Amino acid sequence: MSTAPAPPGSPVPGPDTPVYLRVRDVDGPAREFGVRVDEVPWAREIELRDPDGNRLRIGAPPTTDAGGAV
């Protein structure tokens, strides 16, 4: 883990320590923290920030359709 200043224009000023957690299901944490799940090609993710502005991303495998495609 490392700390670095937040890039200009970041929503929360302060350090930007990215932490990424890979989980099986991101919907529960999304509901608990009241955030939207982002659907990206490699995962379904949410992003949280602690009071100091550090970033925590939580990701789960992408949803597959009935044919097995991602």
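When we follow full-length UniProt numbering, the leftmost residue of the sequence shown carries the number 1, and every step to the right adds one. Virtual Cβ for every residue (Gly too), placed ideally from N, Cα, C. In this text the structure is predicted, and so the values were computed from the model without any measurement.
Nearest to residue i by CA position, among the options, is which residue?
| i | options | result |
| --- | --- | --- |
| Glu32 | Glu39, Tyr20, Pro18 and Ile58 | Ile58 |
| Arg22 | Arg36, Trp42 and Gly34 | Trp42 |
| Leu48 | Arg24, Thr64, Val35 and Gly28 | Val35 |
| Val19 | Thr64, Gly28 and Asp50 | Asp50 |
| Thr64 | Ala30, Val40 and Asn54 | Val40 |
Please classify residue i as buried or exposed, where buried requires at least 16 other C-beta atoms within 10 Å of its C-beta.
| i | result |
| --- | --- |
| Glu45 | buried |
| Val26 | buried |
Mapping the DSSP letters down to three states, classify residue i as helix, strand or coil.
| i | result |
| --- | --- |
| Asp38 | strand |
| Arg24 | coil |
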